[in-house]
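Notes follow the structure.
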């Protein structure tokens, strides 16, 4: 049994006819007998058809701008600046050596 809630949740699939034939027929039957769902279908259909007529023009620079933004994002991806990381390498190496030495003394 079809109800208004089901119609609301599947109205776009009904308009696009991506449902099974049985479900399309069931929804069509409900919509024909329900004024609220008929209004809903008319509203969605008009919006859906108006979207088909709109052809947005893409800027000729869209591709290059997007590529530049992606490249900038890659540069800023690290949460630790590269210069800081390079200056901390000796400190990190010393800590690693100290940890290995301590581990060797106590657990060897």
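In this note's numbering, the protein residues as written are 11 to 118.
Glycine included, each C-beta is placed from N, C-alpha and C at the ideal position.
Owing to the predicted nature of the structure, the values given are computational and were not obtained by experimental measurement.
Between the Cα of residue i and the Cα atoms of the options, which residue gives the shortest distance?
| i | options | result |
| --- | --- | --- |
| residue 125 | 63, 26 and 14 | No answer is possible for residue 125: the residues shown for the chain start at 11 and end at 118. |
Hey, residue i and residue j: beta-carbon distance below 8 Å or not?
| i | j | result |
| --- | --- | --- |
| residue 25 | residue 54 | yes |
| residue 30 | residue 12 | no |
Assign residue i to one of two classes, buried (16 or more other C-beta atoms within 10 Å of its C-beta) or exposed (fewer than that).
| i | result |
| --- | --- |
| residue 61 | exposed |
| residue 51 | buried |
| residue 21 | buried |
| residue 41 | buried |
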